[in-house]
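First to last, the sequence lines map onto chains A and B.
For the first sequence, my numbering gives the first residue as 1, with consecutive numbering after it.
For the second sequence, my numbering gives the first residue as 1001, with consecutive numbering after it.
First up is the structure itself, then whatever we jot down about it.
2 protein chains.
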Amino acid sequence: MFDLNSYLVSKSNYINKSLDEILHDRLSSSRIVSAMKYSLMAGGKRIRPVLCIAAAEAVGGKADEVLPAACAIEMIHTYSLIHDDLPAIDNDDFRRGKPTCHVAFDEATAILAGDALLTLAFQILSSVELKNENYASKWLSVVNAISHAAGYQGMIEGQMRDVASEGVMLMTLNELEEMHSLKTGAIIEASIYCGATIGNGGIEQMKQLGIYAKNIGLAFQVADDILNVEGDPDIMGKAVGTDKNRKKSTYPSIVGINKSRKFAEKLAGNALQALDGFDNRSDPLRAIAGYIVERKK
Amino acid sequence: MFDLNSYLVSKSNYINKSLDEILHDRLSSSRIVSAMKYSLMAGGKRIRPVLCIAAAEAVGGKADEVLPAACAIEMIHTYSLIHDDLPAIDNDDFRRGKPTCHVAFDEATAILAGDALLTLAFQILSSVELKNENYASKWLSVVNAISHAAGYQGMIEGQMRDVASEGVMLMTLNELEEMHSLKTGAIIEASIYCGATIGNGGIEQMKQLGIYAKNIGLAFQVADDILNVEGDPDIMGKAVGTDKNRKKSTYPSIVGINKSRKFAEKLAGNALQALDGFDNRSDPLRAIAGYIVERKK
């Protein structure tokens, strides 16, 4: 029987160790590196890098091969949180139970630390040891997938729409889904795509993993919306009810909490189905699909 | 006789056309793309991308081959200006004679437009048509050089030191030089390195171009400091005297205006000397060395 909890702990430790090593260098006394470390090591769930590694393993690849991609993706996720938390955007003072970067340091440092993490992600992706030349074009396609997902055609456009929609609460279900697909879905899909690409997945495997990714990406967001209504702030390390206070459109606000829960379960079911042709090396991905809708934080 | 002015106009037009095409897509009605375009097309000198192209040509390469690198570098330069102008950092309302991005749009949009330009730079660098696999590893090394120069070991660390030094005016000449080398030198060196790499420069050529780059990078900054003292705000499109008002350490504040001018000339001379072994295809680089210290804006 596959134990997801041990898997998540072991992979998180593996990722944390690598992230720590990347920033452990001669400049570690600098304020910018302190701020980068502060936010990067603030105890995130590491769900994106774990998905990247799990996707590689599902197609027979090795964790250490995809580790640079996994770390780069977590850096991009962290940068997006630092910038979203800024006073000019979401103005959040706490994240994961700790003061946000601009509170712990200052606003200028937080802006630049976010920039630095985004830039470092691409430095990591391009610093891989090239075993062979075919490997170089694969990593270039990883850079492309991640920059596309994180940029103005993905995560940033999603964040723009999220900011614009605040206080309006007039989104249709389609608009909400499109926003989430841009804001959080694209980078989750890229995590899985990159893991499977470096892990040498076949065409049909890539296609099914794409379906898996699309479904858990959306399920992740629906679950997030539900947690913002009925989650436990002590477990989550952040306030709940904030979506409602900000008059943000969410799944619960549009279709109600029960339909939202059913929708999340249906999405997780679709994700599982996409893995039908995979062997037990995809057990982590299967378990994560369930975890995403059942998690408490 | 080589005519630098025609060269700069023709290369700038070439770069502007490409930048315009990159952002001319289906999402062009979105607010984030409008903000990206606004700052990217605000009439910069395009000195970094021109250097990238000129370095490629100096070693026998072609402008169209290095164009993606040239455009990516200009995007990174523009993002850094957008973020530096933010209220939390330099709080500048005007740039190149136009309202800065956060004034023309809003602060959230300016933060995200900067992020988007930085991310798009890497998307462009990884979207090149791969003629062969050797080409893939070259572009990966370009991604690496640019991310290194733009990140916490380069431009961002330079900006951190610049922010920290404001109002203090206690820098030594060495500290000032190190700050400039990080803040503006690293990305100028990367521009030239990337052009010469894609242009297939030889080892000795790369070495000499590295010396050229180091010298004009510093000369550029010394000239900037001088212009901030005695430039014409109408020609420059921005205020002068701001360094003094902000009590920033500059070359003129440390060694005086005359010694600063002589130092800039000496650096330009060093840069020219590094090109001694090159043929007339490096004439643009030679002329740029002179232009950098004599420019009026």
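From the three backbone atoms N, C-alpha and C, an ideal C-beta is built for every residue, glycine too.
The alpha-carbon of PHE1094/B is positioned some 37 Å away from that of LEU1275/B. No Cβ of chain A is located within less than 8 Å of the beta carbon of TYR1193/B. With its beta carbon less than 8 Å from one in chain A, SER1030/B belongs to the interface. When C-beta distances to chain B are compared with 7 Å, the residues of the segment 82 to 103 of chain A below that value are HIS83, LEU86, ALA88, ILE89, in chain order. Judged by DSSP secondary structure, SER1127/B falls outside any alpha helix (DSSP H); it is assigned neither H nor E. A Cβ-Cβ separation of about 13 Å leaves LYS214/A out of contact with GLU178/A under the 8 Å criterion.
Under the Cβ criterion of 8 Å, HIS1077/B is not counted among the residues facing chain A. Taking 8 Å as the cut-off, the beta carbon of ILE1082/B is found no closer than this to the beta carbon of GLY1043/B.
Within the segment 1118 to 1173 of chain B, the runs of alpha helix (DSSP H) at least 4 residues long that lie entirely inside it are, in chain order, 1133 to 1150, 1155 to 1165. For ALA121/A, same chain residues with a beta-carbon under 6 Å away, outside a window of 5 residues either side, are ALA72, MET75, ILE76 in chain order.
For PHE122/A, at least one C-beta of chain B is nearer than 8 Å to its own C-beta. For SER1034/B, not one C-beta of chain A is nearer than 8 Å to its own C-beta. Inter-residue distance for PHE105/A and ASN1091/B is about 18 Å (C-alpha atoms, whole angstroms). Going by C-alpha positions, CYS194/A is about 16 Å away from ARG46/A. The beta carbons of GLY1237/B and LYS1297/B sit closer together than 8 Å. Using a Cβ-Cβ cut-off of 7 Å, ASN215/A is close to nothing in chain B; its nearest Cβ partner there is about 25 Å away. Sequence-ordered contacts of the segment 1135 to 1152 of chain B with chain A read TYR1135, ALA1136, SER1137, LYS1138, TRP1139, LEU1140, SER1141, VAL1142, VAL1143, ASN1144, ALA1145, ILE1146, SER1147, HIS1148, ALA1150, GLY1151, TYR1152 [C-beta pairs closer than 9 Å]. At least one beta carbon of chain B lies nearer than 8 Å to the beta carbon of GLU157/A.
Here ASP1234/B is exposed. Its C-beta has fewer than 16 other C-beta atoms within 10 Å. Chain-ordered listing is empty here: chain A has no CB closer than 7 Å to the CB of ALA1186/B, the nearest sitting near 12 Å. Taking the Cα positions, GLY167/A is about 47 Å away from LEU1051/B.
The residue among ALA1150/B, PRO1252/B, VAL1066/B, PHE1278/B with its C-alpha nearest the C-alpha of LEU1209/B is PHE1278/B. Per DSSP, VAL1050/B is one residue of the alpha helix (DSSP H) stretching across 1047 to 1058. When CB distances to chain A are screened at a threshold of 8 Å, not a single residue of the segment 1008 to 1020 of chain B falls below it. Classified as buried, SER1127/B has 16 or more neighbouring CB atoms from the shown chains inside 10 Å of its CB. For a Cβ distance threshold of 7 Å, residue set ALA88 of chain A lies close to GLU1107/B, ordered along the chain. When 7 Å is used as the limit between beta carbons, ALA116/A is near these residues of chain B: GLY1151, TYR1152, ILE1156, in chain order. Between the alpha carbons of ALA1164/B and LEU218/A lies a gap of roughly 42 Å.
Just measuring C-alpha positions, the residue of GLU1265/B, ARG1281/B, ASN1280/B sitting nearest ALA1289/B is GLU1265/B. Excluding sequence positions up to five before and after LEU1130/B, its CB lies within less than 6 Å of the CB of ALA1136, all in the same chain and listed in chain order. Rounded to the nearest whole angstrom, the CA to CA distance from ALA1035/B to LEU1019/B is 14 Å. Here ARG1095/B is bridged, per DSSP, to LYS1098/B. The Cβ atoms of GLY154/A and ILE187/A lie closer than 8 Å to each other.
Taking each of GLU1230/B, ARG1096/B, ASN1280/B, ILE1156/B in turn and checking the Cα distance to GLY1256/B, the smallest one comes out for GLU1230/B.
Collapsing the DSSP output to three states places ASP1003/B in coil. Look at MET160/A: its C-beta is under 8 Å from a C-beta on chain B.
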